Structure formats: C-alpha cells, structure tokens
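With the first letter of the sequence shown counted as 1, position 72 gets the number 74 in the working numbering; the numbers rise by one all the way through.
No residue lacks a Cβ here, since even glycine has one placed at the ideal position from N, Cα and C.
As the structure is a prediction and not an experimental result, all values here were calculated from the model.
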Amino acid sequence: MSDVWRTLSALGDSRWLLPMALVLLITLPRPDARLKWRWLLAIAVTAGITLASKLAFMGWGIGIKSVHFTGFSGHAAMSSAVYPVVAGLLAGPGRRARATGLMFGAILATAIAWSRVPLYAHTLSEVIAGLMLGLGCSAPALCALPPSKCPGGRNLLLSVLIGLMLPLSLPDLSTHQLVKALANTLGSPTMTIEER
C-alpha cells in the first residue's frame, strides 16, 4: 500500500506541477486572459503562503503545537490549486461535464494530500490546511473557466512532457531540502533546523 501512497504523493510534487501548469497557462488561447491571470495569481499566492509557513517554522519555530501544525502541506496546497483547474479545462464544454471535471480534480488533490499522512510527511492539520489554502486560492480561477474551450491534445501532451522533465532530469532535487537551506540562511542564528 505504501507504493500507492508514494505514487500519489509524486503527483503532488511541485517539480512536476509547476512546469505543467506553466505550459498550460502559456498555451491557453489569448481570449482566456482572465483565467490565465487568476490561475497564475492563485498558484503564486498558494506557493508563497506555503513557503512562508514553512520558513516561519523552520527558521523561527513558529507553528501551532496544539494541532501539530508546522506549515501548510505543499503537496496538498499545490495539488488543490492546480488539479481542479486542469480537470475543469479538460472536461470539455457544458456545465455538467465541467462540474464532473472539477470534482475529479478536487478528489485527486484530496487523495494526493491524504497520501502525505501515511507517509509521515505531514500531519492531518497540515494536509487539511493545505487543501483549504489551494482550493481557496484557486476559486477565482475556477469561476473564470471558459464555458466551451479546453486545451488541445497537443498542448496537454506538451504540458505533461515538460512537467516530467524536471523530476526525471533532477531526481535527487528536493524542494524540502531547498526550503530547509533557505530557513537556515534566514532563520534565527541561535537555532538550527534540528533543534526546531
């Protein structure tokens, strides 16, 4: 069962999600500028708040001890900011199809988020907070989904291939390690990550 959790968790890796979303943002038709800007803002705000929460804990020990919260789950937050929009775009025209796509994207994001708990990467409070953050930030983009357009198959394939390039070319790159290094650089000079 741990292989299932690892596979789901890999789908929430920012090394895959961000390049994939960027290609989709670039290849969306020009009339969809409102969606593009709202989605780009949603991704940026989600990533920024997630990073800030992790740096606050790793750098200065700021968290909520009573609920075991040390920062938003990045996998949960980014998955819920990206997958519902992607699934909504791919669902095709029609209100019912779009609702089905959005639901599928939200379920996938929830499964990815949950995978972090049995892998002991995050607590339940961090996962729930990450899901709420990503879905909340992406809500304006979800409202701007065009009623009848979806990215072409070529654009989708391109986004998947480019999304896979970073994880495959740099398999040992860990965003968590980068955040830890940044926290040590910015954080309290009297504490190390291990002491926090």
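How would you call P86, buried or exposed, if buried means at least 16 neighbouring beta carbons within 10 angstroms?
Answer is buried; the Cβ neighbour count reaches 16.
Classify S140: buried if its beta carbon has 16 or more other beta carbons within 10 angstroms, exposed otherwise.
S140 is buried by the Cβ-count criterion.
With DSSP run on the structure shown, which of helix, strand or coil describes I64?
If DSSP states are grouped into helix, strand and coil, I64 belongs with coil.
Could you check whether the segment 44-51 touches the segment 74-88, counting it as contact only if at least three pairs of C-beta atoms, one from each stretch, sit closer than 8 Å?
Flag = yes, the segment 44-51 and the segment 74-88 touch.
CB-CB under 7 Å to W7, same chain, minus the five flanking residues each way: which ones, in chain order?
Excluding positions up to five away in sequence, the list reads S117, P120 and L121.
For the pair the segment 59-77 and the segment 130-138, tell me if three or more CB-CB distances fall below 8 Å.
Result yes; three or more Cβ-Cβ pairs closer than 8 Å.
Roughly how far, in whole angstroms, is the beta-carbon of L26 from the beta-carbon of A113, given that I think they are within contact range, below 8 Å?
With 8 Å as the limit, L26 and A113 do not qualify as a contact, their Cβ atoms being about 21 Å apart.
Per DSSP, which one or two residues make a beta bridge with F71?
Paired residues: I66.
CB G90 to CB L110, shorter than 8 Å?
Contact flag unset, no.
Give the single residue among G107, L160 and P95 whose Cα lies nearest to the Cα of T29.
The shortest C-alpha separation from T29 is found at L160.
Sorted by chain position, which residues of the same chain lie with C-beta nearer than 7 Å to I195's C-beta, five sequence neighbours on each side aside?
The predicted position of I195 is uncertain, since its pLDDT is 44 and thus under 50; a value taken from the coordinates is nonetheless stated next. Within the same chain, I195 has close Cβ partners M60, K182, A185 and N186.
Helix, strand or coil for D15? Go by DSSP, reduced to three states.
Three-state result, D15: coil.
So, helix, strand or coil for P21, using DSSP?
Helix.
Have a look at A23, P148 and M167 and flag the residue whose alpha-carbon is nearest the alpha-carbon of A93.
For A93, the nearest C-alpha among the options comes from P148.
With distances taken between CB atoms, is the gap from W41 to A143 smaller than 8 Å?
In contact: W41 and A143 (Cβ atoms closer than 8 Å).
With L188 and L57 assumed to form a contact (beta carbons below 8 Å), what rounded beta-carbon distance in angstroms separates them?
Indeed they touch by this definition, with Cβ atoms about 6 Å apart.
Judging by CA-CA distance, which residue of A99, S16, L43 and F106 is the nearest neighbour of G138?
Checking every option, the nearest Cα to that of G138 belongs to L43.
Given that a residue counts as buried once 16 or more other Cβ atoms are within 10 Å of its Cβ, and exposed if not, what is V88?
Burial call: buried.
Check whether the Cβ atoms of A146 and R32 sit closer than 8 Å, and answer yes or no.
It is not a contact, given that the beta carbons lie outside the stated cut-off.
Between which two residues does the alpha helix (DSSP H) carrying A131 extend?
Per DSSP, A131 belongs to the alpha helix (DSSP H) from L126 to C145.
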